[in-house]
Amino acid sequence: MNGFQKTIPRKITTRSSRAVLITFADASSEAIASCTYLHVQSTTQLLMAKGKLPSLKSRITMPKMELNAMTLAMRLANSVLSQLSSMVEVTKVVLFYRTRKSYSTG
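Counting the sequence shown from 1 gives a position; this note's numbering is that position plus 521.
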């Protein structure tokens, strides 16, 4: 990370643009995370990301962690959408999530 530098543009799009809001969610045994992007024409910008750690008091199952990740993603998308609605015409909201097909019980 020595010398790492990243410029983040303040202007995302023009008011008359039509956009797609894309949200990703993921869960592991250690954390859940979600991030939301705005796609306008040929550009895509990261708008917001959020992560959470599971409770240390009780053991949470992977299906519950995955459900929590999807809930986090829905809330994040809804929050971002409500803030953008007066500035950008969001024509589509897309949520991506990949779930495990099987879980080990041991």
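C-beta atoms are modelled at their ideal positions from N, C-alpha and C, and glycine is treated no differently.
Between which two residues does the alpha helix (DSSP H) carrying residue i extend?
i      : result
Val601 : Met583 to Leu605
Distance, Cα to Cα, residue i vs residue j?
i      : j      : result
Phe525 : Met595 : 32 angstroms
Met591 : Asn523 : 35 angstroms
Met583 : Lys613 : 29 angstroms
Arg531 : Tyr618 : 28 angstroms
His560 : Ala546 : 17 angstroms
Gln604 : Ala540 : 14 angstroms
Ser550 : Leu568 : 26 angstroms
Leu593 : Lys578 : 20 angstroms
Arg520 : Leu574 : The question about residue 520 has no answer, for the chain in this structure spans 522 to 627.
Val609 : Ile533 : 10 angstroms
Is it buried or exposed, residue i, if we count other Cβ atoms within 10 angstroms and call 16 or more buried?
i      : result
Thr544 : buried
Glu587 : buried
Ala570 : exposed
Where do the ends of the beta strand (DSSP E) carrying residue i lie?
i      : result
Thr528 : Counting along the chain, Thr528 falls outside any beta strand (DSSP E), and DSSP gives it neither H nor E.
Leu577 : No beta strand (DSSP E) holds Leu577; DSSP gives it neither H nor E.
Val614 : Glu610 to Tyr618
Out of the options, which one is the CA nearest neighbour of residue i?
i      : options                           : result
Ser576 : Thr528, Ala552 and Gln562         : Ala552
Thr564 : Leu542, Ser579 and Ala554         : Leu542
Val615 : Met608, Leu597, Arg621 and Ser607 : Leu597
Ser538 : Arg621, Thr528 and Ser606         : Ser606
Thr528 : Gln566, Ala548 and Val611         : Gln566
Tyr558 : Met608, Arg621 and Leu602         : Leu602
Ile620 : Asn599, Lys585, Met608 and Gly572 : Note on residue identity: the sequence assigns Thr, not Ile, to residue 620. Closest by alpha carbon: Lys585.
Gly572 : Gln562, Ser600 and Ala554         : Ala554
Going along the chain, which unbroken runs of the alpha helix (DSSP H) with 4 or more residues stay wholly within the segment 533-573? Counting only runs of 4 or more residues that sit fully inside the segment 533-573, no alpha helix (DSSP H) segment turns up.
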